[in-house]
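Below: one structure, written as structure tokens.
Number of protein chains: 2
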Amino acid sequence: MRPTIKDIAERAGVSKTTVSFALNDPGRISEETYKRVMAVVTELDYVPNPVARTLTTKRLGALGLLLPQPITEALRNPYVVEIIRGIGELCAERELSLTMLPPMRGRVIEAARRAFVDGLITIGVGPDHEVVELLNKRHIPFVTIDGVDTEATVNVGVDDEAAAYSLMAHVLGLGHRRIAVLALMPETIKLPEERYSLVRDRRLAGFSRALAELGLSLGSPGICVVPAESSIEGGDAAVSAILASSSPPDLAPTAIVAMADAVALGAYEACRRVGLAIPADLSVAGFDDIPTAAGAMPPLTTVRQPGREKGAAAAALVVELLDGGDDLAHEALHRRLDTELVIRQSTAAPKD
Amino acid sequence: MRPTIKDIAERAGVSKTTVSFALNDPGRISEETYKRVMAVVTELDYVPNPVARTLTTKRLGALGLLLPQPITEALRNPYVVEIIRGIGELCAERELSLTMLPPMRGRVIEAARRAFVDGLITIGVGPDHEVVELLNKRHIPFVTIDGVDTEATVNVGVDDEAAAYSLMAHVLGLGHRRIAVLALMPETIKLPEERYSLVRDRRLAGFSRALAELGLSLGSPGICVVPAESSIEGGDAAVSAILASSSPPDLAPTAIVAMADAVALGAYEACRRVGLAIPADLSVAGFDDIPTAAGAMPPLTTVRQPGREKGAAAAALVVELLDGGDDLAHEALHRRLDTELVIRQSTAAPKD
DNA sequence: TTTGTATACTTAACCGGTTTAGTAATTCGG
DNA sequence: CCGAATTACTAAACCGGTTAAGTATACAAA
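So the sequences go chain by chain: Z and C. Residue numbers for the first sequence follow our numbering, beginning at 9 and rising by one. Residue numbers for the second sequence follow our numbering, beginning at 9 and rising by one.
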């Protein structure tokens, strides 16, 4: 059996307290005793049990990331990876580990319940969500990414509505009138009250506003909204379906506007397979500006949002909350980062 | 203050034990008592402290991934992301969370010491590594990925030597004789004994064997080995430096053989910047076959190794060890997955 | 009526550390 | 030489749960 502090104490002929001091605060005991204790520690290969320590110190040295999907699926979206990398920056700075918490028993809240973390970051959880309630009960500080800016929660996000507006305005400005919008999927739909996809709604609102300026709407003929999983595969599948079902073909969309670059790059795959040229035959626009967007062929038109910074900002806020920043001002607790429309070569005026 | 089980017990007029039963094994108490206890639980917003529970149950419900670099850097390599996704498959299946453990205080072992996990997966740690010793002391089952197949450790990997040989043989077969090898960097180099990069050595051995068949070696004129960070940026920087320092230019390499696809794609960037065409002016080969390798322009020649499967296999082994599989056969504990040379369009015969 | 056996609950020990409060011995100031 | 302060250490409480062992009551069987 693995040795405990008690074993060390007995063998060294001292109390548990003395062993604890030797390990954590050697200045409090004599040089001689210290050496004796440490000799036994080495002899028995003693390593303190971090869980037991936590019970009293109440610090785990870990941040958590609550995911709305299984890890495998979530990481399929490079944008999520960017967010994690941002959180990673703070982990390095503060010597923390990062725990990814996928839904358990199909529920996000179940993961939150079991989380061994000092603080949490959530993606896309609304302020009225049951998870918020639970975390407050557990007294675990948390920050939402892409949530909602209310008094109730600390949030980091962007102006999704405005960003979406600018993207759609660009596409409409090129002359497109038959457009397929590839929308984010509500990731976890086990229970109706788990309402993710605030982001989805806000971006749809932005698209609508741009369309409205031309007297159009998301329901107009030629305009359609199709859900797609946030991955290359998801985009590929959705666009393949759209192209296959467009009959007659001259009523097919002339532009694809995706809510994630990964989905847009999936559209590239679908086009390649059926021999459509981008942007000559079909314009494609994305959202996020993931690292591979600029290097794609053709380079992808998209809205840049700073994924790493989002993650880093959220983690920084969690750490601030942990450091006792209960009295932080509202504006210090709500960060809205900038977005930028990046026009590259995947969008052009329609042929006809 | 957050309520504890004691508070619930007092308020409900029962013992702590009864509360514990109500929460974990309701069948053991009467319907009536159960309701009374749960009413108080709801009233006081009680959520059990998972850390305290762990002290006796000894199950955290978490796997750990020991990273040789900070999270931010590690995730820059899509291949690492694939491995994580593989681990994620098992996490979903077994309802586990996944903790990423970057080095702490510059040392991997320090992260291993503090890890709150049931089992660990390490990347690239050798069997003689101090981390191995520590984990044995802590009685934490662990599996290495890309480590070494010895009795001492449970490992999942591929035949790196053979894979590297086939890749180099392909490049040499096309006629290339001036080749730059972009090698993995020893990730953590705080201490000399933290010897990562077993993979690097084995792949170099494979390259050497292929070269030796033509009477060449890694030290021959025209052949050079340059370290590059495992990321697009790292590959870009390394290749830019190589191209800039090749004077006269007609002694520049005609082929780049990278040990990671991310690095090879970085070479694409460098070539694009200086106007070199791939493969006309320069052949580029990678290693891993990350998801974007096939979609790159031109599609990347590489050696496929199954990243997701590696992660999934490692996680499956950890879980088996956790389930008490101490008596598993050696072959059951060492998995060697297949690789495959994938020839695409980024390699061709040299011009001259 | 006695014995045996569920049932429903409690007491107390335990997990493995940290920390508070306290004791004994030594040093120091006046 | 006495009281105060310091040093070195320990006993016991504590963190917040789980669980083995034990008790009291009700009910069934002998």
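Quick reminder that beta carbons are idealized off the backbone N, C-alpha and C, glycines included.
field: Residues of the stretch 236–249 of chain C with Cβ closer than 8 Å to any Cβ of chain Z, in chain order
entry: For the stretch 236–249 of chain C, the set of residues with a beta-carbon nearer than 8 Å to any beta-carbon of chain Z comprises Ile-240, in chain order.
task: Pick out whichever of Gly-165(Z), Gly-69(Z), Leu-259(Z) and Ser-248(Z) has its Cα sitting closest to the Cα of Pro-229(Z).
output: For the purposes of this step, residue 229(Z) is taken as the residue at position 221 of the first sequence. Checked all of Gly-165(Z), Gly-69(Z), Leu-259(Z) and Ser-248(Z); the closest Cα to Pro-229(Z) is Leu-259(Z).
- prompt: When the Cα atoms are used, what is the spatial distance from Pro-299(Z) to Glu-277(Z)?
  reply: Locating residue 299(Z) in the first sequence gives position 291, where the first residue counts as 1. Locating residue 277(Z) in the first sequence gives position 269, where the first residue counts as 1. One C-alpha to the other measures close to 18 Å.
query: Quick one: which chain C residues come within Cβ less than 8 Å of Ala-119(Z)?
result: For this step, residue 119(Z) is matched to residue 111 along the first sequence. Under a criterion of Cβ atoms nearer than 8 Å, the residues of chain C adjacent to Ala-119(Z) are, in order, Ser-105.
- request: Express the C-alpha separation of Tyr-87(C) and Gly-294(C) in angstroms, rounding to a whole number.
  value: Position 286 of the second sequence, counted from the first residue, corresponds to residue 294(C). Position 79 of the second sequence, counted from the first residue, corresponds to residue 87(C). For Gly-294(C) and Tyr-87(C), the distance between alpha carbons rounds to 12 Å.
- prompt: In the stretch 10–35 of chain Z, which residue ranges form an unbroken alpha helix (DSSP H) of at least 4 residues, counting only runs that do not cross its ends?
  reply: Complete alpha helix (DSSP H) runs here, min 4: 13–20 and 24–32.
query: Which of helix, strand or coil does DSSP assign to Ile-264(Z)?
result: By 1-based counting over the first sequence, the position of residue 264(Z) is 256. In this structure, Ile-264(Z) counts as strand in the three-state DSSP scheme.
query: Listing by chain order, which chain C residues have their CB less than 7 Å from the CB of Lys-145(Z)?
result: Position 137 of the first sequence, counted from the start, is the residue given in the question as residue 145(Z). The contacting residues are Asp-53 and Val-55.
query: Of all the CB atoms in chain C, is at least one closer than 8 Å to the CB of Val-99(Z)?
result: The count along the first sequence starts at 1 and reaches residue 99(Z) at position 91. The amino acid occupying residue 99(Z) in the given sequence is Cys; Val does not appear at that position. True, the Cβ-Cβ gap to chain C drops below 8 Å.
- request: Just mark His-147(C) as buried or exposed, buried being the case when its beta carbon has 16 or more other beta carbons within 10 Å.
  value: In the second sequence, counting from the first residue as 1, residue 147(C) sits at position 139. Exposed, because fewer than 16 other Cβ atoms sit within 10 Å of the Cβ of His-147(C).
- prompt: Looking only at C-alpha atoms, which of Val-207(Z), Ala-268(Z) and Cys-232(Z) sits nearest to Leu-219(Z)?
  reply: Here residue 219(Z) refers to the residue found at position 211 when the first sequence is read from its first residue. Comparing Cα positions, the closest option is Cys-232(Z).
- prompt: Do we get a CB-CB distance below 8 Å when we pair Met-108(C) with the residues of chain Z?
  reply: Locating residue 108(C) in the second sequence gives position 100, where the first residue counts as 1. Yes, Met-108(C) lies at the interface with chain Z (some Cβ there is under 8 Å from its Cβ).
message: Quick check on the burial criterion: 16 or more other C-beta atoms within 10 angstroms. Buried or exposed for Lys-318(Z)?
response: Start at 1 with the first residue of the first sequence, and residue 318(Z) comes out as number 310. Counting the other CB atoms within 10 Å of its CB gives Lys-318(Z) a total of 16 or more, which places it among the buried residues.
query: Where does Arg-312(Z) sit, in a helix, a strand or coil, going by DSSP?
result: Taking the first residue of the first sequence as position 1, residue 312(Z) is located at position 304. Looking at Arg-312(Z) - three-state DSSP - the assignment turns out to be strand.
message: If you reduce the DSSP assignment to three classes, tell me which class Glu-348(C) lands in.
response: Counting from 1 along the second sequence, the entry for residue 348(C) is found at position 340. Glu-348(C) falls in the strand class under three-state DSSP.
task: Check whether the Cβ atoms of Thr-152(Z) and Thr-130(Z) sit closer than 8 Å, and answer yes or no.
output: Against the first sequence, residue 152(Z) aligns to sequence position 144. Against the first sequence, residue 130(Z) aligns to sequence position 122. Yes, they are a contact pair.
- request: Since I believe Val-247(C) is in contact with Gly-274(C) (beta carbons under 8 Å), could you give me their beta-carbon distance rounded to a whole number of angstroms?
  value: Taking the second sequence and counting its residues from 1, the one referred to as residue 274(C) is at position 266. Taking the second sequence and counting its residues from 1, the one referred to as residue 247(C) is at position 239. Right, their Cβ atoms sit about 7 Å apart.
message: Here's a check: name, in chain order, each residue in its chain whose Cβ is nearer than 6 Å to the Cβ of Ala-236(C), leaving out the five neighbours to either side.
response: For this step, residue 236(C) is matched to residue 228 along the second sequence. For Ala-236(C), where only same-chain residues beyond five positions count, the Cβ hits under 6 Å are Leu-190, Gly-242, Gly-243, Ala-246 and Val-271.
query: If you follow the beta strand (DSSP E) that Leu-73(C) is part of, which residue opens it and which one closes it?
result: Within the second sequence, residue 73(C) is the residue found at index 65, counting from 1. Run containing Leu-73(C): 70–74, per the beta strand (DSSP E) assignment.
message: I'd like to know if Tyr-276(Z) contacts chain C, where contact means its C-beta is closer than 8 Å to some C-beta of that chain.
response: Along the first sequence, read from residue 1 onward, the residue named residue 276(Z) stands at position 268. Interface residue, yes.
- request: Flag Thr-12(C) as yes if its beta-carbon sits less than 8 Å from any beta-carbon of chain Z, otherwise no.
  value: Position 4 of the second sequence, counted from the start, is the residue given in the question as residue 12(C). Not an interface residue.
Where Ser-248(C) sits in the DSSP three-state scheme: Stepping through the second sequence from its first residue, residue 248(C) is reached at position 240. In the three-state scheme derived from DSSP, where H, G and I count as helix and E and B as strand, Ser-248(C) is classed as helix.
message: Using a Cβ-Cβ cutoff of less than 6 Å, which residues in the same chain neighbour Gln-353(C) once the five nearest sequence positions on both sides are dropped?
response: Residue numbering aside, residue 353(C) sits at position 345 when the second sequence is read from its first letter. So the list reads Pro-306 and Pro-307, once near-sequence residues are dropped.
Cβ-based contacts, 7 Å cut-off: residues of the stretch 54–79 of chain C near chain Z: Answer set for the stretch 54–79 of chain C: Val-55, Pro-58, Val-59, Ala-60, Thr-62, Leu-63, Leu-68, Gly-69, Ala-70, Pro-78 and Ile-79.
task: Have a look at Ile-13(C), Ile-250(C) and Ala-70(C) and flag the residue whose alpha-carbon is nearest the alpha-carbon of Asn-32(C).
output: As a working mapping, residue 32(C) is identified with position 24 in the second sequence. Closest by alpha carbon: Ile-13(C).
task: Could you tell me if Ala-266(Z) is buried or exposed, where buried requires 16 or more neighbouring beta carbons within 10 angstroms of its beta carbon?
output: For the purposes of this step, residue 266(Z) is taken as residue 258 along the first sequence, with counting starting at 1. Buried: at least 16 other Cβ atoms inside 10 Å.
- prompt: Does the beta carbon of Thr-300(C) come closer than 8 Å to any beta carbon on chain Z?
  reply: By 1-based counting over the second sequence, the position of residue 300(C) is 292. At least one chain Z Cβ lies under 8 Å of Thr-300(C).
message: Among Val-48(Z), Ile-95(Z) and Pro-358(Z), whose alpha-carbon lies nearest the alpha-carbon of Gly-21(Z)?
response: Translated into positions along the first sequence, residue 21(Z) becomes position 13. The shortest Cα separation from Gly-21(Z) among Val-48(Z), Ile-95(Z) and Pro-358(Z) belongs to Val-48(Z).
query: Alpha carbon to alpha carbon, how far is Asp-297(Z) from Lys-145(C)?
result: Taking the first residue of the first sequence as 1, we reach residue 297(Z) at position 289. Taking the first residue of the second sequence as 1, we reach residue 145(C) at position 137. Here the alpha carbons of Lys-145(C) and Asp-297(Z) stand approximately 46 Å from one another.
message: Using a Cβ-Cβ cutoff of less than 8 Å, which residues in the same chain neighbour Ala-356(Z) once the five nearest sequence positions on both sides are dropped?
response: Position 348 of the first sequence, counted from the first residue, corresponds to residue 356(Z). The beta carbon of Ala-356(Z) lies closer than 8 Å to those of Leu-182, Pro-287, Ala-288 and Ser-291 in the same chain, with the five residues before and after it left out.
field: Residue-chain proximity (Leu-83(C), chain Z), Cβ-Cβ < 8 Å
entry: The sequence position of residue 83(C) within the second sequence is 75, counting from 1. So yes, Leu-83(C) belongs to the interface.
- prompt: Could you give the distance in angstroms between the alpha-carbon of Thr-41(C) and the alpha-carbon of Arg-19(C)?
  reply: Sequence index remark: in the second sequence, residue 41(C) carries index 33 (1-based). Sequence index remark: in the second sequence, residue 19(C) carries index 11 (1-based). So the two alpha carbons sit approximately 12 Å from each other.
- request: Kindly say whether Phe-7(C), judged by its beta-carbon, lies nearer than 8 Å to any beta-carbon of chain Z.
  value: Nothing about residue 7(C) can be reported from this structure: the residues present for chain C run from 9 to 360 only.
field: Segments assigned beta strand (DSSP E), at least 3 residues, entirely inside the stretch 156–237 of chain Z
entry: With a minimum length of 3 residues, the continuous beta strand (DSSP E) runs that stay inside the stretch 156–237 of chain Z are 162–166, 187–192 and 231–236.
- prompt: Leaving out five residues before and five after Met-193(Z) in sequence, what residues of the same chain have Cβ atoms less than 6 Å from its Cβ?
  reply: Start at 1 with the first residue of the first sequence, and residue 193(Z) comes out as number 185. Cβ within range, chain order: Pro-235 and Glu-237.
query: Are the C-beta atoms of Thr-196(Z) and some chain C residue less than 8 Å apart?
result: As a first step, residue 196(Z) must be located in the first sequence, where it is residue number 188. Because the pLDDT of Thr-196(Z) is 46, which lies under 50, any placement of that residue in the model is unreliable, and the number read from its coordinates should be weighed accordingly. Chain C, which has no Cβ nearer than 8 Å to the Cβ of Thr-196(Z), makes this no.
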